[in-house]
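2 protein chains.
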Amino acid sequence: MPIERDVPGIVDVAAKADVSVSTVSRVLSGRTRVSDRLRSKVEAAVQELGYRPNAAAQSLVRGRSSTIAVFARNTIRYGYAATLQGIEEAARAAGYVIMIAVVESGDPAELARAVDGTLSQTLAGAIVIEFDEVGVKTLAAMPTSLPVVAAAGARRARGTTPHAFLDDYAGGYEATRYLLSLGHETVHHLAIPATRPRSGRAWGWRKALEDAGAAVPALVQADYSPTSGYDTARGLLGVPGLTALLCGNDELAIGAARAFQEGGRRIPDDISIVGFDDQPFARMWNPSLTTVQQDFVDLGRRTFGLLEQWLASGERAQDSAVTPSLVIRESSASPPRTVSANH
Amino acid sequence: MPIERDVPGIVDVAAKADVSVSTVSRVLSGRTRVSDRLRSKVEAAVQELGYRPNAAAQSLVRGRSSTIAVFARNTIRYGYAATLQGIEEAARAAGYVIMIAVVESGDPAELARAVDGTLSQTLAGAIVIEFDEVGVKTLAAMPTSLPVVAAAGARRARGTTPHAFLDDYAGGYEATRYLLSLGHETVHHLAIPATRPRSGRAWGWRKALEDAGAAVPALVQADYSPTSGYDTARGLLGVPGLTALLCGNDELAIGAARAFQEGGRRIPDDISIVGFDDQPFARMWNPSLTTVQQDFVDLGRRTFGLLEQWLASGERAQDSAVTPSLVIRESSASPPRTVSANH
DNA sequence: TTGTAAGCGTTATCAG
DNA sequence: CTGATAACGCTTACAA
């Protein structure tokens with residue numbers, strides 16, 4: 027079954043409207059004045075033929091395009107997927123089209139492959155979702171000749187890539203301080219992989235502890251999944267003085283909660299658990315999850331906004347921050363008296 | 027700050043290697059024999075200049091490209107995001123690059139806008155995620171001149187678009203039969219929006235009930251979110267004889283579970299709840315969720331495979347099905363005796 | 001095996 | 001206001 031029924035080109039439209047191709051191009055771009063008579067003839071021809079300009083030819087001659095590439099390590103996990111959705115939404119509204127490239131590891135060869143294929147497209151710009159170490163490396167691999175902005179989890183150094191970010195540090199700090207204010211002697215932390223050593227959720231947690239003069243327990247490293255939360259939390263069952271656990275994300279939190287519950291601990295009576303992100307399920311959890319709310323979709327929109335502004339003005343845009351807010355629900359409470367008595 | 031530092035073109039490479047552009051093109055494509063001497067000179071020049079072929083120019087002259095467009099209503103929800111990830115993964119491995127277009131509504135104008143922008147790209151083919159009504163309309167709007175395949179939730183009529191699908195009907199049927207086998211008199215259904223009238227999860231549920239001679243309660247229509255599950259389930263609290271509820275997805279299930287628990291019902295003692303999809307959190311739920319497992323990532327891979335095969339062979343590929351499997355966990359059990367006695 | 005040259009579908013420059 | 005015509009960067013006959 028043949029599929030190559032020719033797509034009409036600008037010359038077909040010109041022929042049908044009985045004008046020159048330049049005229050067709052003009053009415054389509056709308057940048058120059060064209061007489062109403064010719065304009066309507068062209069529009070009719072376009073309509074009739076179902077003509078659609080060939081973007082490849084356009085970007086070839088213009089040297090730029092309306093395509094923007096998004097680089098991310100993952101597209102399934104909530105934060106990534108929601109950020110992508112925000113980017114796509116804003117890009118579509120602005121007439122851009124988006125290309126997505128997932129970069130699975132920071133391995134130079136794999137990175138080069140993912141990046142090369144995408145960068146050989148004629149791009150208007152690129153966006154890197156820099157929520158993890160792979161994102162950092164991807165950003166470093168971007169050519170300086172291309173406008174690139176990032177969606178991040180922390181403010182980056184001045185003068186670098188423009189970026190919109192969710193203040194993970196502030197979120198971690200606030201959640202920890204909240205737990206401390208409830209009377210917990212200290213707060214443990216089940217961490218997602220860090221983007222950089224001294225930043226993000228884990229760093230906010232540590233600082234809040236230090237500022238309050240509380241002991242800083244060893245950080246427990248996990249991955250991102252509920253299973254990882256479950257597995258690592260099982261190892262925490264015997265830890266003395268563990269009455270509050272701040273988790274790097276909501277999935278970890280529910281995995282940990284399950285592990286504790288199976289171990290006979292009640293939440294929040296014996297142990298308080300706080301998540302991060304406020305995924306849709308957090309509110310329905312049993313008990314409902316206290317967590318740090320993040321608006322990833324908005325982050326995505328704002329990140330695209332930075333790029334759009336750059337493209338329009340020719341100047342790098344300012345950074346854009348959002349401070350997350352703590353949502354207090356049922357999974358957190360004051361520590362049990364018995365444990366306090368032990369100290 | 028200027029950003030237009032010229033990207034090297036094939037002529038720059040040719041000049042530096044002191045050969046013709048056709049020779050450069052030949053070593054890059056690898057389709058024709060080139061002497062080792064020239065080949066290595068070219069490779070050195072490519073390396074040195076960091077040359078990357080311009081995909082727009084390539085697709086312009088070739089009339090096709092290595093870009094495939096993916097149309098989806100959403101990119102956040104689990105099934106969609108996971109399918110997209112599978113597509114991207116397979117596409118990247120095969121040297122394709124993917125473009126994503128979200129189509130928010132089936133409204134003709136909005137549809138045309140989303141589709142037009144993307145179809146003006148030179149595409150190798152397109153994939154439509156047809157998990158909902160918008161997907162059906164998007165598919166209908168695709169030009170016949172382009173190879174298009176779909177990822178679906180049910181087998182479609184013969185001779186139409188090639189598609190890979192997860193058998194929603196079978197999943198709904200099996201889950202319902204399982205609940206009936208536990209002794210429930212009937213099973214209620216909290217449904218996600220349907221793709222088509224007589225297919226999918228809801229249709230499997232209905233058929234299983236009919237085949238077993240059980241009463242078919244009115245289907246309760248919900249959306250996709252936990253909140254929607256919660257809200258609609260609250261309206262079900264007073265329904266007599268409701269001892270088992272099959273939910274259209276896991277998010278609905280946890281929302282419903284929460285509503286019932288708040289209403290004083292125990293799960294599974296008073297009411298059995300079964301979800302759909304087996305999202306990562308399902309296993310960690312409290313109680314852990316009995317659900318119909320679906321491998322969306324694999325669906326995505328297989329869908330891309332269909333397109334790749336078509337592109338390679340020039341023939342439409344066969345359809346490809348996967349039957350989901352029920353995962354029995356803690357949220358389902360036999361109905362309470364007291365209720366049975368009432369009948 | 002290598003080079004020359006004719007396009008691919010548009011836009012933009014430059015005359016009319 | 002409109003129409004030729006020269007690029008844009010690359011591939012691919014066709015010659016050499």
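So the sequences go chain by chain: A and S. FYI, in our numbering the residues of the first sequence are 27 to 369. FYI, in our numbering the residues of the second sequence are 27 to 369. C-beta atoms are modelled at their ideal positions from N, C-alpha and C, and glycine is treated no differently. Only a predicted model underlies this, so the values are computations on that prediction, with no experimental measurement involved.
Short of 7 Å in beta carbon distance, which residues of its chain neighbour A/I29, apart from the five on each side in sequence? Order them along the chain. The predicted model places A/I29 with a pLDDT of 37, which falls under 50 and marks its position as unreliable; any figure quoted below should be read in that light. Hits under 7 Å: none found.
Nearest-angstrom Cα distance between S/A40 and S/G76? 13 Å
Excluding sequence positions up to five away, which residues of its chain have a Cβ less than 7 Å from the Cβ of S/D321? V348
Which residues mark the beginning and the end of the beta strand (DSSP E) in which S/T316 is found? T316 to Q319
Whole-Å CB distance - S/G331 paired with S/L110, under 8 Å assumed: Their Cβ separation, rounded to whole angstroms, is 15 Å, which puts S/G331 and S/L110 out of contact at 8 Å.
Which bits of chain A does S/T148 rub up against, with CB to CB less than 9 Å? N80, A81, A82 and A83
Return the first residue and the last residue of the alpha helix (DSSP H) that S/V87 is part of. A81 to R88
Can you tell me which of the three DSSP states A/T93 falls into? strand
Please report the residue range of the alpha helix (DSSP H) in which S/E69 lies. D62 to L75
CB contact check: A/M168 to chain S, cutoff 8 Å: no
Taking just the CA atoms, how far does S/R355 sit from A/Y204? 35 Å
Applying the criterion that 16 or more other CB atoms from any shown protein chain within 10 Å of the CB defines a buried residue, is A/R232 buried or exposed? buried
Using the three-state DSSP reduction, which class does A/A196 fall into: helix, strand or coil? helix
Contact the region 256-268 of chain S vs the region 283-292 of chain S: 3+ CB pairs below 8 Å: yes
Would the beta-carbon of S/S66 be found less than 7 Å away from any heavy atom of the ligand SAM? Looking for the ligand SAM in the displayed structure turns up nothing, as the structure carries no ligands at all.
Quick test of the definition: if touching needs 3 or more C-beta pairs under 8 Å, does the region 37-55 of chain S touch the region 66-80 of chain S? yes
Look at the alpha carbon of S/I153 and the alpha carbon of A/S85, and state the distance between them as a whole number of angstroms. 24 Å
Buried or exposed for S/D295, please, with buried defined as at least 16 other CB atoms from any protein chain shown within 10 angstroms of its CB. exposed
Verify the CB distance criterion: does A/S251 have a CB-CB separation below 8 Å to chain S? yes
Along the chain, which unbroken stretches of the alpha helix (DSSP H) at least 4 residues long are found entirely within the region 142-178 of chain S? 159-166
Comparing alpha-carbon positions, which option in S/P243, S/P252, S/G226 and S/R59 lies nearest S/E156? S/G226
Could you pull the DSSP bridge partners for S/F322 from this structure? Answer is none; S/F322 lacks a bridge partner.
Using 10 angstroms around the beta-carbon of S/H369, count the other beta-carbons present and answer buried if the total reaches 16, otherwise exposed. A caution first: S/H369 carries a pLDDT of 38, below 50, which makes its placement in the model too unreliable to give a value.
Pick from S/P362, S/S346 and S/P350 that is closest to S/R182, judged by C-alpha positions: S/S346
Is the separation between the beta-carbon of S/L278 and that of S/I218 shorter than 8 Å? yes
Start and end of the beta strand (DSSP E) containing A/D303? S298 to D303
Run through chain A and tell me which residues come within less than 8 Å of S/R309, C-beta to C-beta. P252 and T253
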